[in-house]
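Beneath this line is the structure, given in C-alpha cells, with notes to follow.
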Amino acid sequence: MKLRELVNGLDYEVLQGNLDVEVRDIKNDSRIVEAGDLFFCITGAVSDGHKYAKDVSDKGAGVLIVEKPVEVNNNVCVIKVQDTRYAMGVISSRFYGEPSKKLTVIGITGTKGKTTTTYMIREMLMAAGHKTGLIGTIEIIDGVKTIPAKNTTPESMALHKYLKNMVDNGLDSVVMEVSSQGLMLDRVAGVDFDYGIFSNLSQDHIGPNEHKTFEEYRDWKAKLFGMCKVSIINTDDKYSDIMIKNSTGRVVTFGKNSECDYAYSNCNLYTLDGVLGIKYHLSGKITDEITVDMPGEFSVHNSLSAIAVADLMQVPFEDIKKILTTIKVRGRVEMIPISDEFTLMIDYAHNAMAMESLYSALKVYNPKRLVSLFGCGGDRSKERRFTMGEVSGRMADFTIITSDNPRSEDPLMICQDIVTGIKPTNGAYIEIPDRKEAIRYAIMNAQSGDVIVLAGKGHEDYQEINGVKHHMDERDLIKEVLEEEDVTKICGYNNRYFA
Numbered sequence: 001m002k003l004r005e006l007v008n009g010l011d012y013e014v015l016q017g018n019l020d021v022e023v024r025d026i027k028n029d030s031r032i033v034e035a036g037d038l039f040f041c042i043t044g045a046v047s048d049g050h051k052y053a054k055d056v057s058d059k060g061a062g063v064l065i066v067e068k069p070v071e072v073n074n075n076v077c078v079i080k081v082q083d084t085r086y087a088m089g090v091i092s093s094r095f096y097g098e099p100s101k102k103l104t105v106i107g108i109t110g111t112k113g114k115t116t117t118t119y120m121i122r123e124m125l126m127a128a129g130h131k132t133g134l135i136g137t138i139e140i141i142d143g144v145k146t147i148p149a150k151n152t153t154p155e156s157m158a159l160h161k162y163l164k165n166m167v168d169n170g171l172d173s174v175v176m177e178v179s180s181q182g183l184m185l186d187r188v189a190g191v192d193f194d195y196g197i198f199s200n201l202s203q204d205h206i207g208p209n210e211h212k213t214f215e216e217y218r219d220w221k222a223k224l225f226g227m228c229k230v231s232i233i234n235t236d237d238k239y240s241d242i243m244i245k246n247s248t249g250r251v252v253t254f255g256k257n258s259e260c261d262y263a264y265s266n267c268n269l270y271t272l273d274g275v276l277g278i279k280y281h282l283s284g285k286i287t288d289e290i291t292v293d294m295p296g297e298f299s300v301h302n303s304l305s306a307i308a309v310a311d312l313m314q315v316p317f318e319d320i321k322k323i324l325t326t327i328k329v330r331g332r333v334e335m336i337p338i339s340d341e342f343t344l345m346i347d348y349a350h351n352a353m354a355m356e357s358l359y360s361a362l363k364v365y366n367p368k369r370l371v372s373l374f375g376c377g378g379d380r381s382k383e384r385r386f387t388m389g390e391v392s393g394r395m396a397d398f399t400i401i402t403s404d405n406p407r408s409e410d411p412l413m414i415c416q417d418i419v420t421g422i423k424p425t426n427g428a429y430i431e432i433p434d435r436k437e438a439i440r441y442a443i444m445n446a447q448s449g450d451v452i453v454l455a456g457k458g459h460e461d462y463q464e465i466n467g468v469k470h471h472m473d474e475r476d477l478i479k480e481v482l483e484e485e486d487v488t489k490i491c492g493y494n495n496r497y498f499a
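See the structure below:
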C-alpha cells in the first residue's frame, strides 16, 4: 500500500523522502523490522523508539513515523506527527483495510463489570445468529482461534490486525473491553465504534504508572463516548452526566430511574440449590420480569447494559432472557455447583477494592458464613496484602490464607503479611499455604448456608513460582479433591458441575 493512502487525513509533515513509497508491512518493534517496512517511533514509559531510528533504517525500513527529527539514511521517508501512538492507530486501521468499519463494534468501559458484560453480550448476539468476536481481559476470540490476552485493550497495531482476522474469518460483530489505558494511549485510535457502554466508575488505576488523579482516570473513560455512534449509559453512577456530556452520538440510558430507556425496579435476591441470583422488573422500551443467575446489584447493571445493546441490535427478547439465566463467565462470580446446601464460587477479586465490593454484594444474601480463601502475589506491593487481609478479616466470617503466585518470594512470608492485615480485625483465620489443600479444607468443612469464595485467581490457570508458570486451575483442584475424598461427607453434595 502506498504511504500516501496510509497518512491521508492525518496532520503530518514530510521531513524527508516522498509519499509515493510502497509500504510492505508496519512494525513498532525494531528487532523485527525488515526491508520496506514502516516503523513507528513510539515514546514509551521505558524506552524511546526514536533511539532505534538509525538501526531500523540500516535494516531497510522505508518509512519512519516520528514525533521529532531523527538522523537516518537519505533513502528513508520520515513523517513527523504530533503523536505517533495516535498515528499508529489510524495507519494500522488503513493498512488492514479499516476492518472496524466492516464489523458492528461494541466497546465497554468502566471500573467493574466489563468482562462479565462482554460475555453476556457475545452470548446474546451469538444466540441470535450473529458471528461475534471478543477482545478482553481474559482472551481474544477471532472466529478461528482463542488467544490469551496480554492487555485488556491490545496495542492499536495488534488490535486492528485482530479485527482484520475477524473480518477474514466471517464475523460480523465484536464486543471489546476498552480500558482507560487503552483510551489514554490511543490503542483504540482508528476504531469505528457503533456502541459504547459505560458501566460504572470508582477509584482504580491511580498511581505513578497509570493515572495521576481520579479526575484524569474519569476523563479518559469519557473519551470513548466521543468515538461512538450510540452511548449506552448507566445513570445510577454519579459520573454518568460527564459521560453523557462527552457523547457525540445518540444516548441510551439504563438504571433505576423510571425515565430510563431500560429501567429496573423490585429487585429480589434468591438462593436456589447453592446458586445465588437476582430478579427484577424491567420497564421502558421492554417490560418483563428478568432473572439473572449471578449475585449482586452489579449483576443488574451488567445485565441491563447487555439487554440494551442486544435489543438495539434486534436480538429476540426470548434469547436475551435465556442467556441471562445460563451465562457463566470464567472467573467472574463463577459458581461451581457441587452442593445444594452451600455456594462455592471462583472470582478474580485480587485487590482490596474488588474484594470489598464482592463481599458486600454476597453478604446481602445473609449466608450462614462468608468464607474467604485467597492469597497475594509475590514481588508486588506488601500494601495490597495488608489491605486484602484487613477487608477479609473485617467482612468474612472465616478466612483461609493460602498461596497465589508467589513468584520469587517465600509463600509463608506472603501469608504472614496477610495475617498482619487480618489481626487488627480479630477475624477468624487459618493458614494453609498449599492452595489445593486450602480448597480441600474449605469444601470438607463447609456448612449448610455457607458462601465460599476462592478469590484472586479467577480465570488464571497457572501458578508462577521462581519464574516458572505451573498449570494450576482451581476447577481442576476442586475436581481432584472430590475424586480423592468421600463425597458423602460433603455437606449437601450434589455435583452438577463435573457430572
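Per the working numbering, the sequence shown runs over residues 1 to 499.
Glycine is no exception: its CB is placed at the ideal position from the N, C-alpha and C atoms.
Alpha-carbon to alpha-carbon, residue j and residue i
i	j	result
HIS350	LYS321	31 Å
ARG332	GLY296	12 Å
LEU482	VAL90	52 Å
SER305	LYS285	13 Å
SER231	SER247	6 Å
VAL451	THR425	20 Å
SER283	MET472	44 Å
HIS205	LYS489	Note that HIS205 has pLDDT 49, beneath the 50 cutoff, so the model's placement of it is unreliable and the number below is only indicative. Cα-Cα distance, rounded: 44 Å.
MET335	LEU344	6 Å
ILE141	LYS423	44 Å
VAL468	GLU484	27 Å
LEU134	THR116	12 Å
LYS27	LEU183	21 Å
SER360	LEU185	33 Å
VAL70	LEU10	20 Å
ASP219	LYS479	45 Å
Three-state secondary structure (DSSP) of residue i
i	result
ASN234	strand
HIS205	Here HIS205 scores only 49 on pLDDT, less than 50, and its place in the model should not be relied on; the value that follows carries that caveat. Coil at HIS205, not helix or strand.
ASP50	The sequence given here places His at residue 50; Asp does not occur at that position. HIS50: helix per DSSP, three-state reduction.
LYS68	coil
VAL191	coil
GLY421	helix
ASP25	strand
MET176	strand
VAL33	coil
VAL63	strand
TYR217	helix
ALA455	strand
ARG500	This structure leaves residue 500 out entirely; the chain is present only between 1 and 499.
ILE79	strand
PHE498	coil
GLY196	strand
GLY9	coil
GLN181	helix
LEU324	helix
TYR429	strand
LYS212	coil
THR43	strand
GLU464	strand
ASN239	The sequence shown places Tyr at residue 239, not Asn. Coil.
GLN447	coil
Among the options, nearest to residue i - alpha-carbon criterion
i	options	result
GLY427	SER372, MET313 and GLU383	SER372
LEU370	LYS150, SER448, ARG385 and GLU318	SER448
SER303	MET184, THR325 and THR287	THR325
PHE95	GLY190, LEU64 and GLU318	GLY190
ARG475	GLY467, GLU485, LEU454 and GLY492	LEU454
MET388	ASP410, VAL419, ASP397 and ASN466	VAL419
VAL23	SER30, ASP11, MET1 and VAL7	MET1
PRO148	GLY9, LYS382, THR137 and PHE214	THR137
VAL364	GLU390, LEU312, CYS267 and LEU6	CYS267
ILE432	PHE386, GLY375 and ARG385	GLY375
VAL188	GLY458, ASP261, ALA499 and SER93	SER93
ASP202	VAL391, ILE346, GLY113 and ASN494	The question names Asp, but residue 202 is Ser in the sequence shown. It is GLY113.
Contact test: residue i Cβ vs the ligand MN heavy atom, cutoff 7 Å
i	result
THR326	This structure lacks the ligand MN; in fact it carries no ligand of any kind.
- [ ] Would you be able to state if there are at least three C-beta pairs under 8 Å between the segment 41-48 and the segment 68-84?
- [x] yes
* Asked: Can you find at least 3 beta carbon pairs, one from the segment 390-409 and one from the segment 427-439, that sit closer than 8 Å?
  -> yes
Enumerate, from N- to C-terminal direction, the unbroken alpha helix (DSSP H) stretches of 4 or more residues contained entirely within the segment 241-319.
297-312
Q) Should the segment 53-61 be called in touch with the segment 111-129, which here means at least 3 C-beta pairs below 8 Å? A) no
**Request:** Take every Cβ of the segment 175-183, pair it with every Cβ of the segment 106-124, and state whether three or more of those distances are shorter than 8 Å.
**Result:** yes
Exercise. Per the contact definition of three or more C-beta pairs closer than 8 Å, is the segment 409-416 in contact with the segment 233-240?
Worked result: no
Report task. Mind listing, in chain order, the continuous alpha helix (DSSP H) runs of no fewer than 4 residues lying wholly within the segment 103-166? Result -> 114-127
Residue ranges of each alpha helix (DSSP H) within the segment 328-385, 4 or longer
352-363
Evaluate the contact criterion for the segment 352-364 versus the segment 457-476: three or more CB pairs, one atom per stretch, below 8 Å.
no
Report yes or no: do the segment 98-105 and the segment 160-170 share at least 3 C-beta pairs separated by less than 8 Å? yes
So does the segment 61-76 actually touch the segment 5-25, counting three or more Cβ pairs closer than 8 Å?
yes
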